[in-house]
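A quick write-up on the structure given underneath.
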Amino acid sequence: MSPRARDTLAELLAALEAIPSLGWVTTPSPLETLPSLEQRLRLERVLVKRDDRLAALRGGSKPRKLTYLLAAPECREATALRSVGAIGSGHLVAMTEAARVLGRELRAHCFWEPLWPGVLDNLAFTASGPTALAYRGSRVALALREPWVPLGRARPPLAGIPAGGTSPLGAVGLVRAALELAIQLVERDEPAPERLYVALGSGGTVAGLALGLALAGLPTTVRAVSAVERPFTTRGRLLALVRETAALLAAAGVPLPAGLAPRPIEITHELLGRGYTHPPEAARAACDALHDEGIAVEAIYTGRALAALLAERGGGARRVLYWHTAHAHPLPHAEGWRERLPSALAERLRLAEAGRSRGRRRALVAAGAVAAAVAVGVRLTGYPPLPPGRVLASWELHVVAAAAEALLPPAPAVVSWEKIARNVDAYLVGMPASLVRDVHALIAAVEHGTWLAPAVRRFSELAAAEREAHLRRLEGLGGMGRLVARGVRDFCLLGYYQEPATWAALGYEGPLLGPDPQPPRPRAPRYAALVAPPGALPRGAAR
1 MSPRARDTLA
11 ELLAALEAIP
21 SLGWVTTPSP
31 LETLPSLEQR
41 LRLERVLVKR
51 DDRLAALRGG
61 SKPRKLTYLL
71 AAPECREATA
81 LRSVGAIGSG
91 HLVAMTEAAR
101 VLGRELRAHC
111 FWEPLWPGVL
121 DNLAFTASGP
131 TALAYRGSRV
141 ALALREPWVP
151 LGRARPPLAG
161 IPAGGTSPLG
171 AVGLVRAALE
181 LAIQLVERDE
191 PAPERLYVAL
201 GSGGTVAGLA
211 LGLALAGLPT
221 TVRAVSAVER
231 PFTTRGRLLA
241 LVRETAALLA
251 AAGVPLPAGL
261 APRPIEITHE
271 LLGRGYTHPP
281 EAARAACDAL
291 HDEGIAVEAI
301 YTGRALAALL
311 AERGGGARRV
321 LYWHTAHAHP
331 LPHAEGWRER
341 LPSALAERLR
351 LAEAGRSRGR
361 RRALVAAGAV
371 AAAVAVGVRL
381 TGYPPLPPGR
391 VLASWELHVV
401 AAAAEALLPP
411 APAVVSWEKI
421 ARNVDAYLVG
431 MPASLVRDVH
441 ALIAAVEHGT
451 WLAPAVRRFS
461 ELAAAEREAH
471 LRRLEGLGGM
481 GRLVARGVRD
491 FCLLGYYQEP
501 ATWAALGYEG
511 PLLGPDPQPP
521 RPRAPRYAAL
531 VAPPGALPRG
541 AAR
């Protein structure tokens with residue numbers, strides 16, 4: 001496969017203009033060579049895409065996503081924006097600058113990460129902006145207590161942006177970036193790189209580039225270097241995002257070749273280390289590799305991607321490209337930014353900077369982490385064997401069946417609680433991906449939301465009466481709790497009354513589908529008063 005001609009690439013870029021954007025990324029980021037790495041790794045060519053030198057939102061790859069996400073109607077009409085990230089999140093940096101440019105407030109939900117270089121710089125910038133910070137001690141705590149926040153769900157006039165800005169609409173920005181790269185290669189008469197190294201976080205960058213490279217005709221494999229744990233960086237999840245992005249482009253009128261498939265994605269977790277916020281020594285050491293080139297590399301994302309390139313020496317490729325996704329440094333901040341931090345975050349930051357997180361506190365935190373890991377493992381495993389549905393996973397079917405047993409009248413003998421759950425699964429087949437994502441989040445909130453109540457066990461392990469009481473408690477909370485409780489109730493009812501055996505309890509005799517060859521059945525006495533005598537006409541009608 002060879003790159004498409006420049007005119008064809010320009011036409012594809014023009015077609016993308018049909019998708020509303022704020023026009024924040026109109027000029028390409030620089031494409032440079034790295035002679036120092038070419039000599040060190042003995043490669044023919046090492047290119048770097050310098051998204052840190054994009055002009056919008058302090059640079060980085062996030063403006064490519066946000067220029068589309070924040071142009072959506074719900075964001076244009078919102079009075080405030082909401083998103084999520086670690087305390088040193090580059091995504092929250094871009095969201096802070098976007099809120100400033102748009103004249104909105106940002107409600108930033110954040111969680112702790114160690115104070116690697118650049119973390120305080122990012123936090124200070126975020127806290128100095130038009131930002132209201134909310135803090136949780138960990139990703140797990142945030143996901144369990146506020147599961148709708150990482151998903152980008154919000155009610156007007158608040159608009160939610162998903163973690164990392166990742167969605168099909170956000171990925172469009174990286175499709176455009178791949179076309180931009182192809183044009184630069186054509187203009188420079190530069191052969192296409194055989195491998196592209198890029199960090200893998202929430203997945204939007206990798207999915208968008210894999211689709212865009214294929215659309216541009218570049219024979220480049222995407223080497224996705226994971227910064228996030230395996231359950232969140234699966235190939236299936238990335239390919240689903242690719243499909244949804246391609247569907248969005250097709251609906252917008254972008255001409256996609258028949259049978260277009262994304263470029264190969266190779267995922268590596270070798271640089272994950274102890275987890276997302278704990279990059280290994282190799283990633284931290286890689287931050288110095290480009291110091292003389294004037295490129296500031298941070299350890300969590302770009303450090304991991306660069307470390308993979310250094311360790312693999314291109315992985316057999318002679319021509320490689322490293323996509324630098326980080327924003328520019330340093331960032332400005334207000335003098336009193338610490339005073340704007342939530343008290344719990346300010347105290348933890350004070351202890352960390354004083355070095356008091358060692359010793360007894362460190363042991364307690366380690367013990368707590370082990371206990372949390374065990375608790376999470378217990379909650380996520382140990383379900384009885386059950387074949388998964390077409391949409392719902394095995395454990396989700398268990399949760400729906402458990403809710404149905406707690407909420408519904410006793411089912412007829414021919415209808416099992418599992419059958420009701422599978423009816424719900426069948427109903428979801430073919431539904432929009434956004435609705436299916438909401439249903440997954442709803443079921444997870446019901447199953448694991450028992451930590452908000454006295455119950456330590458997950459929902460499906462409670463006795464039926466306890467399950468009913470928990471759902472009533474959720475409804476009594478109002479707001480999102482009421483939506484979760486009523487949502488699971490409605491799905492259970494939907495699955496229950498799909499079964500004809502349950503209709504008798506309603507006095508429903510079934511749908512009337514055309515002429516009945518059998519004699520009419522006698523009507524129930526309670527409906528007799530509603531039946532007009534033969535030959536009767538409506539009042540006032542002339543014979």
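Residues 1 to 543 in the numbering used here are what the sequence shown lists, from first letter to last.
Don't be surprised by glycine CBs; every beta carbon is placed ideally from N, CA and C.
Query	Result
Using the rule of at least 16 other Cβ atoms within 10 Å of the residue's Cβ for burial, across every protein chain shown, is T234 buried or exposed?	exposed
Using the three-state DSSP reduction, which class does G160 fall into: helix, strand or coil?	strand
Taking buried to mean at least 16 other C-beta atoms within 10 Å of its own C-beta, is W503 buried or exposed?	exposed
How far does the alpha helix (DSSP H) with V84 in it reach, from first residue to last?	Segment A80 to A86 is the beta strand (DSSP E) holding V84; no alpha helix (DSSP H) there.
With the cut-off set at 8 Å, would you say A485 and L462 are in Cβ contact?	no
Would V198 pass as a contact of T245 if the rule is Cβ separation under 8 Å?	no
What's the gap between the Cα of R358 and the Cα of R139?	With a pLDDT of 42 at R358, under the threshold of 50, the modelled position of this residue cannot be trusted; read the value that follows with caution. Cα to Cα, the separation comes out at about 21 Å.
Cutting at 6 Å between CB atoms, please list the residues of its own chain near L474, excluding the five before and the five after it.	G481, V484 and A485
Are the Cβ atoms of A192 and L215 separated by less than 8 Å?	no
Suppose the cutoff is 7 Å on Cβ atoms and the five residues either side in sequence are ignored; what does the same chain contact list for P385 look like?	none
If distances are taken between C-alpha atoms only, which option among A354, E32 and H327 comes closest to H55?	Correcting the residue identity first, residue 55 is Ala in this sequence and not His. Measuring from the Cα of A55, the nearest candidate turns out to be H327.
Could you give the residue range of the beta strand (DSSP E) that holds Y427?	Run containing Y427: none in the beta strand (DSSP E); it sits in the alpha helix (DSSP H), W417 to L428.
How is the beta strand (DSSP E) around C492 delimited, first residue to last?	Premise fails: C492 lies in the alpha helix (DSSP H), G479 to Y496, not in any beta strand (DSSP E).
Identify whether P454 lies in helix, strand or coil by the three-state DSSP scheme.	Note that P454 scores a pLDDT of 46, beneath 50, so its modelled location is shaky; the value from the coordinates is reported in the next line. DSSP places P454 in coil when its eight states are reduced to three.
What do you reckon, are the CB atoms on R6 and V186 nearer than 8 Å?	yes
Name, in chain order, the residues that DSSP records as bridge partners for T96.	For T96, which the question treats as bridged, DSSP gives no partner whatsoever.
G377 by DSSP, collapsed to three states: which one?	Unreliable positioning characterises G377 in this predicted model, as indicated by a pLDDT of 49, which lies under 50. A coordinate reading is not provided.
In whole angstroms, give me the CA-to-CA distance for P156 and T79.	8 Å
Could you give the DSSP three-state label for A127: helix, strand or coil?	helix
Note down, one range per segment and in chain order, each beta strand (DSSP E) of at least 3 residues found wholly within the region 293 to 360.	319 to 324
In angstroms, rounded to a whole number, what distance separates the CA positions of R104 and Y68?	17 Å
If you follow the beta strand (DSSP E) that A199 is part of, which residue opens it and which one closes it?	R195 to L200
By Cβ distance below 6 Å, which residues in the same chain neighbour A132 in space, the five residues on each side in sequence not counted?	R107
In whole angstroms, what separates the C-alpha of P30 from that of E229?	31 Å
Taking a contact to mean a Cβ-Cβ separation below 8 Å, would you say A207 touches V242 in this structure?	yes
Using the beta-carbon count (16 or more within 10 Å), is D189 buried or exposed?	exposed
What's the C-alpha gap between A182 and G212?	9 Å
Contact between the region 290 to 298 and the region 258 to 278 is defined here as three or more beta-carbon pairs at a separation below 8 Å; is this criterion met?	no
Just checking, does the region 417 to 424 make contact with the region 386 to 399 on the three C-beta pairs under 8 Å criterion?	yes
Short check: CB of A227 to CB of R304, under 8 Å?	yes
In the DSSP assignment, find the alpha helix (DSSP H) that holds S434 and state where it starts and stops.	A433 to H448
Looking at V254 and L9, is the spacing between their C-beta atoms short of 8 Å?	no
From A317 to P262, what does the alpha carbon distance come to, in whole angstroms?	19 Å
Let me check understanding here. Comparing Cα to Cα, which of L407, L435, G495 and P264 lies closest to A425?	Note that residue 425 corresponds to Asp in the displayed sequence, not to Ala. If we check each option's Cα against that of D425, G495 comes out closest.
How about L547 and A289: are their beta carbons less than 8 Å apart?	Missing from the structure shown is residue 547; the chain here goes from 1 to 543 and no further.
Kindly indicate the opening and closing residues of the beta strand (DSSP E) around A108.	E105 to F111
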